[in-house]
Structure formats: structure tokens, C-alpha cells
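Note sheet for the following structure.
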Amino acid sequence: MKIETTGRRAEEWIGQELSGLGQRVRAARAQRGMTRKILARDSGVSERYLAQMESGKGNPSVAVLLQIAQSMDLEVTDLFRNTQDGKLGLHQMEARLIHELTGRLDSGQLSEAHHILRERFGAAITGGRGQRIALIGLRGAGKSTLGNILSDQFSVPFVELDREIERAYGADIGELLALAGQPAFRRYEHRCLDHQLAENDGVVIASGGGIVANTEAFNRLLERTHVIWLKATPDEHMDRVMAQGDLRPMANSREAMSDLRGILEAREPLYARAHAIVDTSGAKVAESAAKLTATARALISRDDQASRIATPETLQNRATG
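The numbering used here numbers the first residue of the sequence shown as 1161 and each following residue consecutively.
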């Protein structure tokens, strides 16, 4: 890309870059369920300056960007465009070539490519899922209530990942975040998830709402479990959270509903990576539980069939037949 270094065009280009930077910081913060106040606390950057930066009016130094990135457990390069281009090619040229090829595809072609890859290599990737089911979604979606019911249906343990994190850390999540910040929380989240996957061939896991922002942990969840997004409207999320008497992560916020909508909007593309979606909006618990159970059974059955059809032996026979 040609960069103008003088005159009005340079000012316009710089303005566009700063605006984009602010949008990416705001999106990363929303995905993690962090208010601006929390990001200011964890990064040491003033809330006022963060507001200016997110609106595209700030001109942060490298040191400030490092502080912000570290507090959200990001590399500083993640705050800039095209940060994924180099990462995919660090270990093998094939990954770079695949990335370059898929980068030229439109959304329909990407969906087709994903389907082809799943059909060809799905058994090797998903064979380790077994009867592990993971429920994702915002707080108030019904992960605990429906997860308990689902675990009874499959006669497997029910695990709330946040409770496992608290047990491992020795204090509640609020204290973990306050004392150690997002990076430490994400490490505990990944570690506790790995432990549950290693210990259980069958389990229902209710993940924290922000696990989708923990790239490594979420990818592990997608690879090793059947991931189901429990979806609801923002109003229903808020009503259910209030009924539980817990407003985390929007505690003490005057704009709780606006915060919740922003978090949901930022996370929706990530939640949509789930293997299935169960919409609990306007549904009674029994109705949602029946729908969830049927969805989970279908995912497990499909995986079993794929494993039988695409064993190493059958793939070898296809290649030589």
C-alpha cells in the first residue's frame, strides 16, 4: 500500500488508520466483556484517553499500545490490520499458500471450501470429540440450567468452567481479574479446559461467555467438543441475569443494556462458529432442553458416522481404489 507522507492526503490516511485502530481496540474490549473502566484499570491508560482513542482521536505511542494489548492478552500487532498474514506462514509454507488462496474467496466460496475440508479430513479433526458437549453464549442464555439437564440426559458430568477456574486459582473470578488481569484469567481458562478434556470422554461444559475471545481455548473447544451456541435476545439475557441477582460483567454501569448489546454484537461472529445454534428466545426451559438434547444427539450421531466412513483405512482405499 502506498503511504502519502505529506499534505491533506497524509492527514486523511493517518485519520483512517487511527479510526480503524480505535475500532479494533473497542471490538477486542467488547469481545472480552471489558468495560472501558476495566481496561483503563488493567492497562494503566486513563479512561478518558481510551475514549479518545476508540473514537479515532487519539494518537497512542507504542508504549501505550503495548499496555493496552497486554491487558487484553493480545500481541500488539493484533491491533493492526492484516495481523494474521504472517502468523499462518511461520511454521509451514503450505499454511501460507492455503491462507492466500482462501483470502481471494467470497463468503459463499469459503463455506464451500470449509464443507469440502470437513468431508475430506473431518474424521481426523473431529474424531476426538466423543460425547463432549460445550455450551457457549452470553450470561443468561441458560448454559447452567440447560447444561445440567443435558448432562442428565447423557449420563455425563456437568462442568461450569468458571467454577473450575475459581477452584484452581483459589478465589473468585472477580478477584483473579482485579489482581492478575485478563492474561492470567485466559491462562487459567485454557488450563482448566485442557484438564476437563483430558479427564472426560463424555462431559457437558458450560463455558464462560468470553471464551470465544480466547483464541487458543476456543479453537480447542471447537476441535475437541461439540459446540452449541445458546442464543437469546439482548432483552432476555438482561432479564435472566437480573433474575439471578448478578450483573457481572456490567456491574455499576449506568448503560448496562448498551454494554450488553455491544458485547453481543462483538461476539456474535465468534459465537456463530459453533457447530450448532439453539435459540432459547421466548421458550420455556422444557422446550429449550428438548431442542438442545435433540441438537446434541444429532451432532454426536453425525460425528460417529463420519468417523466410520472416513477411517484411515477407508481413506487409503479411496486413494488407491
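We put the beta carbon where it would ideally sit given N, CA and C, even for glycine. Note that the coordinates shown come from a computational prediction; the quantities given were computed from them, not determined experimentally.
C-alpha distance - residue i paired with residue j, whole-angstrom precision
| i | j | result |
| --- | --- | --- |
| Arg1462 | Ala1229 | 40 Å |
| Trp1173 | Ala1426 | 25 Å |
| Leu1250 | Gln1313 | Caution is warranted here: a pLDDT of 36 is assigned to Leu1250, below 50, making its placement in the model unreliable, and the coordinate value is therefore given only provisionally. Their backbone Cα atoms lie some 44 Å apart in a straight line. |
| Asp1439 | Phe1240 | 34 Å |
| Asn1360 | Ile1293 | 11 Å |
| Gly1370 | Arg1264 | 30 Å |
| His1435 | Arg1169 | 45 Å |
| Gly1288 | His1355 | 15 Å |
| Asp1233 | Gln1342 | 6 Å |
| Gln1183 | Met1194 | 14 Å |
| Asn1379 | Gly1297 | 15 Å |
| Ala1340 | Thr1237 | 22 Å |
| Ala1187 | Lys1444 | 32 Å |
| Arg1433 | Ser1179 | 27 Å |
| Ser1267 | Gly1330 | 45 Å |
| Ala1200 | Gln1227 | 10 Å |
| Gln1191 | Ile1258 | 27 Å |
| Asp1202 | Ser1231 | 6 Å |
| Arg1457 | Glu1207 | 47 Å |
| Arg1400 | Leu1420 | 13 Å |
| Thr1375 | Arg1323 | 20 Å |
| Glu1396 | Gly1422 | 15 Å |
| Gly1302 | Arg1196 | 27 Å |
| Ser1221 | Gly1362 | 48 Å |
| Arg1346 | Gly1204 | 19 Å |
| Thr1262 | Met1402 | 43 Å |
| Tyr1348 | Ala1338 | 14 Å |
| Ala1366 | Leu1424 | 17 Å |
| Pro1394 | Val1364 | 24 Å |
| Arg1351 | Ser1315 | 25 Å |
| Thr1455 | Ala1223 | 47 Å |
| Glu1177 | Val1185 | 12 Å |
| Arg1189 | Asn1308 | 30 Å |
| Asp1332 | Glu1171 | 47 Å |
| Glu1428 | Met1417 | 16 Å |
| Ala1377 | Ile1437 | 19 Å |
Residue i: first and last residue of the uninterrupted beta strand (DSSP E) it sits in
| i | result |
| --- | --- |
| Leu1295 | Gln1291 to Ile1296 |
| Leu1390 | His1386 to Lys1391 |
Coarse secondary structure for residue i, derived from DSSP in three states
| i | result |
| --- | --- |
| Leu1234 | coil |
| Leu1265 | coil |
| Ala1497 | Residue 1497 is absent from the model: the chain starts at 1161 and stops at 1481. |
| Val1319 | strand |
| Ala1203 | The sequence shown places Ser at residue 1203, rather than the Ala named in the question. It is helical. |
| Ala1403 | helix |
| Lys1444 | coil |
| Gly1218 | coil |
| Asn1374 | coil |
| Arg1505 | Absent from the model: residue 1505. The displayed extent of the chain is 1161 to 1481, so no value can be given. |
| Gly1175 | helix |
| Arg1299 | coil |
| Gly1180 | helix |
Beta-carbon separation (whole angstroms), residue i vs residue j, contact threshold 8 Å
| i | j | result |
| --- | --- | --- |
| Gly1175 | Gly1218 | That pair is no contact at about 12 Å. |
| Gly1368 | Leu1321 | 6 Å |
| Leu1353 | Ala1344 | Leu1353 to Ala1344, Cβ: 15 Å. No contact. |
| Leu1390 | Leu1295 | 6 Å |
| Leu1430 | Val1372 | 4 Å |
| Asp1300 | Met1398 | Residue 1300 is actually Gly in this sequence, not Asp. Right, their Cβ atoms sit about 7 Å apart. |
| Ala1449 | Leu1306 | 6 Å |
| Arg1384 | Leu1357 | 5 Å |
| Thr1453 | Leu1270 | The Cβ separation is near 31 Å, so there is no contact. |
Residue range of the unbroken alpha helix (DSSP H) whose run includes residue i
| i | result |
| --- | --- |
| Asp1439 | It is not in any alpha helix (DSSP H) - Asp1439 instead sits in the beta strand (DSSP E) that spans Ala1436 to Asp1439. |
| Phe1345 | Ile1333 to Glu1359 |
| Phe1158 | Residue 1158 cannot be examined here, being either before or after the span of the chain that is shown, 1161 to 1481. |
| Leu1239 | Careful: Leu1239 lies outside any alpha helix (DSSP H) and carries neither H nor E. |
| Met1194 | Segment: none, Met1194 is in no alpha helix (DSSP H) and carries neither H nor E. |
| Gly1422 | Ala1416 to Tyr1431 |
Chain D within 7 Å of residue i, Cβ atoms only
| i | result |
| --- | --- |
| Val1224 | In the displayed structure, chain D is absent; only one protein chain is listed. |
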